[in-house]
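Quick note on this note's numbering: the sequence shown kicks off at 14 and runs consecutively. Ideal placement from N, C-alpha and C gives every residue a C-beta, glycine not left out. A quick note: this is a predicted structure, and the numbers were derived from the prediction, not measured. Below is one structure; the comments refer to it alone.
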Amino acid sequence: MEDLIERALTWAWNQRIIHEVSCGNQLDKIREELNEVQEELKGRDVLNLQNEIGDVLFSTITLSAQLGFDPKECLRLAVEKNEKRTGIVRNGMFIRTEADMDMQWK
14 MEDLIERALT WAWNQRIIHE VSCGNQLDKI REELNEVQEE LKGRDVLNLQ NEIGDVLFST
74 ITLSAQLGFD PKECLRLAVE KNEKRTGIVR NGMFIRTEAD MDMQWK
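Written out as C-alpha coordinates, the structure is:
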(Lines of atoms letter the chains of each structure in order from A and count residues from 1; the text may use other names and numbers.)
(Lines give C-alpha, C1' and ligand atoms only; values in the text may rest on other atoms or scores of the structure.)
Protein backbone atom coordinates (compact mmCIF):
# COMPACT_ATOMS: atom_id res chain seq x y z
CA MET A 1 0.00 0.00 0.00
CA GLU A 2 2.90 2.32 0.71
CA ASP A 3 3.98 2.15 -2.95
CA LEU A 4 0.45 3.05 -4.07
CA ILE A 5 0.37 6.06 -1.76
CA GLU A 6 3.71 7.24 -3.12
CA ARG A 7 2.47 6.81 -6.70
CA ALA A 8 -0.70 8.80 -5.90
CA LEU A 9 1.32 11.59 -4.30
CA THR A 10 3.79 11.69 -7.20
CA TRP A 11 0.97 11.97 -9.72
CA ALA A 12 -0.81 14.68 -7.71
CA TRP A 13 2.45 16.61 -7.35
CA ASN A 14 3.25 16.34 -11.05
CA GLN A 15 -0.26 17.53 -11.93
CA ARG A 16 0.28 20.53 -9.60
CA ILE A 17 -2.70 19.51 -7.48
CA ILE A 18 -0.90 19.41 -4.14
CA HIS A 19 0.49 22.93 -4.35
CA GLU A 20 -1.99 24.76 -6.60
CA VAL A 21 -5.47 23.38 -5.81
CA SER A 22 -7.04 24.79 -2.65
CA CYS A 23 -7.92 22.46 0.20
CA GLY A 24 -11.52 23.61 -0.14
CA ASN A 25 -11.58 22.56 -3.78
CA GLN A 26 -9.98 19.24 -2.86
CA LEU A 27 -12.65 18.70 -0.22
CA ASP A 28 -15.27 19.39 -2.90
CA LYS A 29 -13.58 16.72 -5.02
CA ILE A 30 -13.85 14.24 -2.15
CA ARG A 31 -17.58 15.03 -1.82
CA GLU A 32 -18.00 14.53 -5.57
CA GLU A 33 -16.26 11.16 -5.36
CA LEU A 34 -18.40 10.13 -2.36
CA ASN A 35 -21.52 10.96 -4.37
CA GLU A 36 -20.21 8.73 -7.16
CA VAL A 37 -19.73 5.90 -4.64
CA GLN A 38 -23.31 6.41 -3.48
CA GLU A 39 -24.54 6.16 -7.07
CA GLU A 40 -22.49 3.02 -7.75
CA LEU A 41 -23.93 1.37 -4.62
CA LYS A 42 -27.29 1.38 -6.41
CA GLY A 43 -25.89 -0.70 -9.24
CA ARG A 44 -24.27 -4.08 -9.53
CA ASP A 45 -20.96 -3.17 -11.19
CA VAL A 46 -18.36 -4.16 -8.60
CA LEU A 47 -15.42 -2.85 -10.65
CA ASN A 48 -17.00 0.61 -11.00
CA LEU A 49 -17.69 0.67 -7.25
CA GLN A 50 -14.09 -0.29 -6.50
CA ASN A 51 -12.87 2.46 -8.83
CA GLU A 52 -15.04 5.06 -7.13
CA ILE A 53 -13.90 4.00 -3.65
CA GLY A 54 -10.34 4.23 -4.96
CA ASP A 55 -11.06 7.78 -6.15
CA VAL A 56 -12.19 8.70 -2.62
CA LEU A 57 -8.96 7.28 -1.19
CA PHE A 58 -6.87 9.00 -3.86
CA SER A 59 -8.51 12.39 -3.26
CA THR A 60 -8.18 12.02 0.52
CA ILE A 61 -4.49 11.13 0.22
CA THR A 62 -4.03 14.27 -1.87
CA LEU A 63 -5.83 16.43 0.72
CA SER A 64 -3.64 15.07 3.51
CA ALA A 65 -0.52 16.01 1.50
CA GLN A 66 -1.90 19.49 0.81
CA LEU A 67 -2.23 19.97 4.57
CA GLY A 68 1.32 18.72 5.14
CA PHE A 69 0.24 15.44 6.72
CA ASP A 70 1.61 11.98 6.04
CA PRO A 71 -1.40 9.95 4.81
CA LYS A 72 -0.05 6.80 6.49
CA GLU A 73 0.08 8.65 9.82
CA CYS A 74 -3.49 9.90 9.32
CA LEU A 75 -4.63 6.33 8.72
CA ARG A 76 -2.65 5.02 11.70
CA LEU A 77 -4.31 7.59 13.97
CA ALA A 78 -7.76 6.70 12.64
CA VAL A 79 -7.17 2.96 13.13
CA GLU A 80 -5.98 3.49 16.69
CA LYS A 81 -8.97 5.72 17.45
CA ASN A 82 -11.43 3.19 16.01
CA GLU A 83 -9.80 0.26 17.80
CA LYS A 84 -10.62 1.99 21.11
CA ARG A 85 -14.27 2.61 20.24
CA THR A 86 -17.04 0.67 21.83
CA GLY A 87 -20.57 0.40 20.63
CA ILE A 88 -23.15 -1.79 19.02
CA VAL A 89 -24.44 -2.48 15.54
CA ARG A 90 -28.07 -1.53 15.19
CA ASN A 91 -29.98 -1.61 11.90
CA GLY A 92 -26.74 -2.09 10.02
CA MET A 93 -24.99 0.94 11.55
CA PHE A 94 -22.29 1.11 14.21
CA ILE A 95 -23.52 3.24 17.09
CA ARG A 96 -20.96 4.51 19.56
CA THR A 97 -21.69 4.22 23.25
CA GLU A 98 -22.07 7.30 25.42
CA ALA A 99 -18.83 6.41 27.23
CA ASP A 100 -17.03 6.27 23.90
CA MET A 101 -18.40 9.66 22.89
CA ASP A 102 -17.32 11.10 26.26
CA MET A 103 -13.81 9.72 25.73
CA GLN A 104 -13.60 11.69 22.45
CA TRP A 105 -13.63 14.97 24.38
CA LYS A 106 -10.96 14.00 26.92
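Residue i by DSSP, collapsed to three states: which one?
| i | result |
| --- | --- |
| F82 | coil |
| T99 | coil |
| G67 | helix |
| D16 | helix |
Any idea which residues DSSP pairs residue i with across the strands?
| i | result |
| --- | --- |
| G37 | Answer is none; G37 lacks a bridge partner. |
| R109 | G100 |
So, is residue i buried or exposed, given that buried needs 16 or more other C-beta atoms within 10 angstroms?
| i | result |
| --- | --- |
| T75 | buried |
| A78 | buried |
| T73 | buried |
| Q51 | exposed |
Check your understanding: Pairing CB atoms from the segment 90-100 with CB atoms from the segment 35-50, are three or more of them under 8 Å?
Key -> no
Exercise for review: May I ask you to verify whether the segment 20-27 touches the segment 52-67, counting CB pairs closer than 8 Å and requiring at least 3?
Suggested key: no
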